[in-house]
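Visitor: If you scroll down you'll find the structure; I have some questions about it.
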Amino acid sequence: MNANPVLVEVTRGEMVESRHRGAVALAHSNGQTISGIGDVARLIYPRSALKPLQALHLIESGAAAAYQLGEREIALACASHNGEEPHVAAVVQWLKRLGLDESALECGAHPPRRSFDREALLSQGKKPGPAHNNCSGKHCGFLTAALHGEHPPQAYIAREHPVQQAVMTLIGELAGISLQEAPHGIDGCGIPVAGIPLDHLAMAFARFASGDGLSGGRASAARQVYDAMVNEPFMVAGTKRWCTNAIEAGRGAFIVKTGAEGVYCAAIPEAGIGVALKIDDGAHRASECAMGAVLSKIPGLRALFADSPAELIRVPVKNVAGKTVGEIAPGSALQELTITNLG
């Protein structure tokens, strides 16, 4: 099989120092591929990019309404957050609403993403807890669905748990495939993950964006999740994060979600399309650049990106003294990308 094309290049001075290969799929809700770069039929683990779709079960099941969750909580259920104080506080308050504490979270603990927040913890003599985990909001969502469905809140991350079964079925329906026979693994936060072809992942986000092919209840749930991410972008990621900055720049025109190992997805309701991309070597710096480049090529979004910070697409490479010595920029495959078949 031919290697995927170079999507992103990292320059230093007059040379390209590093190259990142990958694949990109843009699809309609009917499964028609609008544009593809590289091997879009390849199975990938979407990782945390799936969170907006996983959050649909929280609403569709009636759990969100039963526990009177607002947009902050719904956005947090979609989040890979920094573990900043507002994120952690919101998780703790959500758990209290459920009659639980951090010990109920099965995602494990890791330090906050930013050094500022890590140092603040140290200065207070505290250690990171499960609420600091970037996936803690998603896990609160699973616990909420479990309690509402009168399922055990213990072992809710197990593949056979009713909540995980329901979520996996929902994802398969959106992607137009059965995930029961797909390759499976365990995500970083402990939940099951299934391999999905990149083009089917793009179609799932197109259906999420447009509501096409969804029941009335699921389409309404998708709109609620979308609106929560648009209205609470800080909760989705946090300070100086690409997801948050891009959603803010989009002004409601699209949402994006990152996933580990170089995955990024996007939903664009007005165009009714979804985008999914995967960087072969898993580089996060490349997936952000690539998604910015793809979105800037979509009719209707070009003007938004023209008025947005250049760093959403091209990121300066700086040396220790802070001098710009190069950049992370789209490669020729993305520079030459043309997107016109949106009808």
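According to the working numbering, the sequence shown is numbered sequentially starting from 351. All C-beta atoms in this analysis are idealised placements derived from N, C-alpha and C, irrespective of residue type, glycine included.
1. Indicate the three-state DSSP secondary structure (helix, strand or coil) for residue 546 in the structure shown.
2. Can you list, in chain order, the residues of its chain whose CB lies under 8 Å from that of residue 601, leaving out five sequence neighbours each side?
3. Residue 645: which of 690, 675, 611, 673 sits nearest, CA to CA?
4. Is the separation between the beta-carbon of residue 487 and that of residue 429 shorter than 8 Å?
5. Using C-beta distances below 6 Å, list every residue in its chain close to residue 533, excluding the 5 sequence neighbours before and after it, in chain order.
6. Could you work out which residue in 465, 416, 460 is closest to residue 444 when comparing CA atoms only?
7. Report, in whole angstroms, the separation of the C-beta atoms of residue 489 and residue 448, which I expect to be a contact under 8 Å.
8. What does DSSP give as the partner residue(s) for residue 373 in the beta ladder?
9. Compare the C-alpha of residue 566 against each of 386, 410, 401 and name the closest.
10. Give me the Cα-Cα distance between residue 609 and residue 671, rounded to the nearest whole angstrom.
11. Which residues in the same chain as residue 643 place their Cβ atom closer than 6 Å to its Cβ, once the five residues preceding and following it in sequence are excluded?
12. So, at 7 Å on beta carbons, what are the nonlocal neighbours of residue 668 in its own chain, with the 5 sequence-adjacent residues on each side left out?
13. According to DSSP, is residue 674 part of a helix, a strand, or is it coil?
14. Could you tell me whether the Cβ atoms of residue 616 and residue 641 are closer together than 8 Å?
15. Just checking my contact of residue 571 with residue 624 at CB under 8 Å: how many whole Å lie between their CB atoms?
16. Quick check: what's the CA-CA separation for residue 475 versus residue 469?
17. Helix, strand or coil: how does DSSP classify residue 463 here?
18. Going by DSSP, what residues sit across from residue 366 in a beta bridge?
19. So, with DSSP's three-state summary, where would you put residue 614?
20. Find the nearest neighbour of residue 550 within the set 367, 386, 537, judged by alpha-carbon distance.
21. Decide if residue 365 is buried, meaning its Cβ has at least 16 other Cβ atoms within 10 Å, or exposed.
Guide: In terms of the structure at hand:
1. Under the three-state reduction of DSSP output, residue 546 falls in the strand class.
2. Counting only Cβ-Cβ distances below 8 Å, and skipping sequence neighbours, we find 654.
3. Cα-wise, what sits closest to residue 645 is 690.
4. In this structure, residue 487 sits near residue 429, with a CB-CB distance shorter than 8 Å.
5. Closer than 6 Å at the Cβ level, and outside the excluded window around residue 533, lie 545.
6. Here the closest residue by C-alpha is 416.
7. Between residue 448 and residue 489 the Cβ distance is about 11 Å, and since that is not below 8 Å, they are no contact.
8. The partner list for residue 373 (beta bridge, DSSP) reads 628.
9. It is 410.
10. Linking residue 609 to residue 671 through their CA atoms gives a straight-line distance of about 31 Å.
11. Hits under 6 Å: 663, 680, 684.
12. The residues 674, 675, in chain order, have a CB closer than 7 Å to that of residue 668 in the same chain once the five nearest residues on each side in sequence are set aside.
13. In the structure shown, residue 674 adopts extended strand secondary structure according to DSSP, grouped into three states.
14. Cβ distance < 8 Å, so residue 616 and residue 641 count as in contact.
15. So it is not a contact: roughly 16 Å between Cβ atoms.
16. Inter-residue distance for residue 475 and residue 469 is about 10 Å (C-alpha atoms, whole angstroms).
17. For residue 463, the three-state secondary structure derived from DSSP is coil.
18. Beta-bridge annotation (DSSP): residue 366 is paired with 361.
19. Residue 614: strand per DSSP, three-state reduction.
20. Distance check between residue 550 and each of 367, 386, 537 places 386 closest, using alpha-carbon atoms only.
21. Under this definition residue 365 is an exposed residue.
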